[in-house]
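Protein sequences, first through last, are from chains F and X.
To get the numbering used here, take the position in the first sequence, counting from 1, and add 15.
To get the numbering used here, take the position in the second sequence, counting from 1, and add 15.
Beta carbons: idealized from backbone N, C-alpha and C, even for Gly.
Protein chains: 2
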Amino acid sequence: MTELTIGELSERSGIATSAIRYYEVRGLVTSRRTPGNQRRYERPMLRRLSFIRTAQGVGLSLEEIEQALAGLPSGRTPTKADWTRLSRGWRTRLDERIARLERLRDTLDSCIGCGCLSLRRCTLSNPGDVLAPRGPGAVILDGR
Amino acid sequence: MTELTIGELSERSGIATSAIRYYEVRGLVTSRRTPGNQRRYERPMLRRLSFIRTAQGVGLSLEEIEQALAGLPSGRTPTKADWTRLSRGWRTRLDERIARLERLRDTLDSCIGCGCLSLRRCTLSNPGDVLAPRGPGAVILDGR
DNA sequence: GCAGAAGTTGAAGCGAGCTTGAAGTCACGT
DNA sequence: ACGTGACTTCAAGCTCGCTTCAACTTCTGC
Numbered sequence: 016m017t018e019l020t021i022g023e024l025s026e027r028s029g030i031a032t033s034a035i036r037y038y039e040v041r042g043l044v045t046s047r048r049t050p051g052n053q054r055r056y057e058r059p060m061l062r063r064l065s066f067i068r069t070a071q072g073v074g075l076s077l078e079e080i081e082q083a084l085a086g087l088p089s090g091r092t093p094t095k096a097d098w099t100r101l102s103r104g105w106r107t108r109l110d111e112r113i114a115r116l117e118r119l120r121d122t123l124d125s126c127i128g129c130g131c132l133s134l135r136r137c138t139l140s141n142p143g144d145v146l147a148p149r150g151p152g153a154v155i156l157d158g159r
Numbered sequence: 016m017t018e019l020t021i022g023e024l025s026e027r028s029g030i031a032t033s034a035i036r037y038y039e040v041r042g043l044v045t046s047r048r049t050p051g052n053q054r055r056y057e058r059p060m061l062r063r064l065s066f067i068r069t070a071q072g073v074g075l076s077l078e079e080i081e082q083a084l085a086g087l088p089s090g091r092t093p094t095k096a097d098w099t100r101l102s103r104g105w106r107t108r109l110d111e112r113i114a115r116l117e118r119l120r121d122t123l124d125s126c127i128g129c130g131c132l133s134l135r136r137c138t139l140s141n142p143g144d145v146l147a148p149r150g151p152g153a154v155i156l157d158g159r
């Protein structure tokens, strides 16, 4: 069996069939149909699904994922250039997110024994509100 | 002005007042009230808010954040032990997420020129479906 | 060839995380 | 003391990402 039914795909990927159909409506996955109108998937779809799940797991929305995958040409085989372009965009995004996470982690470390996340005053924190000149919303922690 | 109104807090944090009130209902932030029933915030609340936003930005739910912050004793000043305990739990979570992101990024890199995220066969991918014996849903990419 | 499991569509429902609106109160400058 | 703008609560509404249901069809094994 070189092709998978939606049930098999679901079992193998751990994603509910309803979710897979939803992804199809959204355009994140595609399938061919049997003469009896049932979906059939090629095996690489598993990888695409796990990519989607992983991307979701780190906080990317379906729309972002959709757009990234839509960057692949549907008419022709993706060239190396297509992949490089796509990959570069993602790398930037992912590197940003990784940096944000590391900042969060490090802030947490530096907060031990300080209490700045509780309601008490933080001795380390920005006593004169020095970020104010950088505009509204300027906060050390937040990378956005 | 040592205390902030909800409007000032909103402007400084970049978070809508409606969201701040919502967080208060959920128990993520607290405020004291003026005689006229208006909210007043101490400056460290800014830090707490930015912490919440950063944590959200990397995919944590309000409930997870809520629980982490609830790990802080409300009655007494948090001790160093409280912080260490809280921090350790978060570190683990964050390290996991960072690892997941890095895996995603590296997979992407290894996919350049391969096409495994498109519908074409991936020459690098798991030709004999060797992960099948590890149970349903076993996929290299997905850390969960 | 028939039962039962698995598949199909479309519409409705759900929880999370807010936003919006209505109707009213408070705070502050002149 | 008054007007304007910021604040209050409560309820309803919205988007995202699915899940559930109903009514029906197709595929598989005996």
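**Under 7 Å from the C-beta of leucine 119 of chain F: neighbouring residues of chain X** = Thr69, Ala70, Val73 and Leu109
**Message:** Run through chain X and tell me which residues come within less than 7 Å of arginine 115 of chain F, C-beta to C-beta.
**Reply:** Thr69, Gly72 and Val73
**Message:** With the cut-off set at 9 Å, would you say valine 73 of chain X and leucine 116 of chain F are in Cβ contact?
**Reply:** yes
**Item:** According to DSSP, residues forming a beta bridge with tyrosine 56 of chain F
**Value:** F:Leu19
**Asked** In chain order, what residues of the same chain lie with their CB nearer than 8 Å to the CB of arginine 41 of chain X, ignoring the 5 residues before and after it?
**Response** Leu77 and Glu81
**Request:** Pull up the distance between the alpha-carbon of isoleucine 67 of chain F and that of tyrosine 56 of chain F, whole angstroms please.
**Result:** 16 Å
**Asked** For the region 17–47 of chain F, which residues have a CB atom closer than 7 Å to at least one CB atom of chain X, in sequence order?
**Response** Glu26, Arg27, Ser28, Gly29 and Thr45
**Request:** Tell me, please, whether the CB atom of arginine 55 of chain X is closer than 9 Å to any CB atom in chain F?
**Result:** no
**Request:** Give the straight-line distance between the Cα atoms of glycine 152 of chain F and leucine 84 of chain X, rounded to the nearest whole angstrom.
**Result:** Low per-residue confidence applies at glycine 152 of chain F: pLDDT is 33, beneath 50, and the placement is therefore not dependable enough to give any value.
**Prompt:** If you draw a straight line from the alpha carbon of aspartate 110 of chain F to that of serine 28 of chain X, how long is it in whole angstroms?
**Reply:** 24 Å
**Asked** Can you name, in chain order, every residue of its own chain whose Cβ lies under 7 Å from the Cβ of arginine 63 of chain F, other than the five neighbours on each side?
**Response** Val44
**Prompt:** Starting from valine 44 of chain F and walking both ways along the alpha helix (DSSP H), at which residues does that stretch end?
**Reply:** Neither: valine 44 of chain F is in no alpha helix (DSSP H) and is coded neither H nor E.
**Request:** Decide if alanine 114 of chain F is buried, meaning its Cβ has at least 16 other Cβ atoms within 10 Å, or exposed.
**Result:** exposed
**Request:** Would you tell me roughly how many angstroms separate the C-alpha atoms of glycine 21 of chain F and tryptophan 105 of chain F, rounded to the nearest one?
**Result:** Per the sequence shown, residue 21 of chain F should be read as isoleucine rather than glycine. Those two C-alpha atoms are separated by around 28 Å.
**Asked** For leucine 75 of chain X, which of helix, strand or coil comes out of DSSP?
**Response** coil
**Message:** Let's test the definition: count the other Cβ atoms within 10 Å of the Cβ of proline 50 of chain X and tell me whether it reaches 16, buried, or not, exposed.
**Reply:** exposed
**Message:** Is glutamate 57 of chain F a contact residue of the ligand PLP, with contact defined as CB to any heavy atom under 8 Å?
**Reply:** In the structure shown, the ligand PLP is absent, as is every other ligand, since no ligand is present at all.
**Item:** Residue from X:Gln71, X:Asp121, X:Glu23 and X:Asn52 with nearest C-alpha to leucine 61 of chain X
**Value:** X:Glu23
**Asked** In whole angstroms, what is the alpha-carbon distance linking arginine 9 of chain F and threonine 107 of chain F?
**Response** Residue numbering for chain F in the displayed model covers 16 to 159; residue 9 of chain F lies beyond these limits and cannot be assessed.
**Message:** Once DSSP output is grouped into helix, strand and coil, what is the label at glycine 104 of chain F?
**Reply:** helix
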